[in-house]
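Asks: Quick one: the structure is below, and I'll ask about it shortly.
Numbering (mature numbering (1 follows the signal peptide of the UniProt record, and there is no 0)), first residue to last: -22 to -1, 1 to 99.
Next up, the structure:
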């Protein structure tokens, strides 16, 4: 087999191997939330859990937060709102198979949908 063809097969193999080891995507950022049962400043308190259910780290995780508000202050090192975008951990990383929680208080439950992230595998 010519050397060029062997090199091509090696590159193809390594590319497929690398993709097989990291099949993470934005879909691996899961959001669950529950009412805590407490009222804060006349608003219902919710606890949000954001989970990275893939082995790869994800960073720069952002959510579309148009219309989101809270009657209580959320620790900005965990979750911060800038315009219509919310950012997790100031753009820092969320390791694989880990989660982070925060609470907010409002009349209705807000649907946090991941918008972007950068996968580091």
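Ideal Cβ placement from N, Cα and C applies to all residues, glycine included.
On a predicted model such as this, the values are computed, not experimentally measured, just so you know.
Would you call the CB atoms of residue 55 and residue 65 closer than 8 Å?
Replies: In this structure, residue 65 does not lie closer than 8 Å to residue 55 by Cβ.
Asks: Is residue 30 buried or exposed, if buried means 16 or more other CB atoms sit within 10 Å of its CB?
Replies: Classification of residue 30: buried, given that the 10 Å Cβ count is 16 or more.
Asks: I think residue 73 touches residue 35, with their Cβ atoms under 8 Å apart; what is that distance to the nearest whole Å?
Replies: Yes, residue 73 and residue 35 are in contact; Cβ-Cβ is about 5 Å, under 8 Å.
Asks: Would you check if the distance between the CB atom of residue 83 and the CB atom of residue 19 is smaller than 8 Å?
Replies: Taking 8 Å as the Cβ cut-off, residue 83 and residue 19 qualify as a contacting pair.
Asks: Kindly indicate the opening and closing residues of the beta strand (DSSP E) around residue 77.
Replies: Segment 76 to 84, the beta strand (DSSP E) holding residue 77.
Asks: Are residue 33 and residue 98 touching if we call contact CB-CB under 8 Å?
Replies: No, they are not a contact pair.
Asks: In the DSSP output, which residue or residues are listed as bridge partners for residue 17?
Replies: Per DSSP, 22.
Asks: Please classify residue 26 as buried or exposed, where buried requires at least 16 neighbouring CB atoms within 10 angstroms.
Replies: Burial call: buried.
Asks: Restricting to Cα atoms, I'd like to know which of 51, 60, 70 and 86 is closest to residue 21.
Replies: Checked all of 51, 60, 70 and 86; the closest Cα to residue 21 is 86.
Asks: In whole angstroms, what separates the C-alpha of residue 1 from that of residue 90?
Replies: Distance between the alpha carbons of residue 1 and residue 90: 23 Å.
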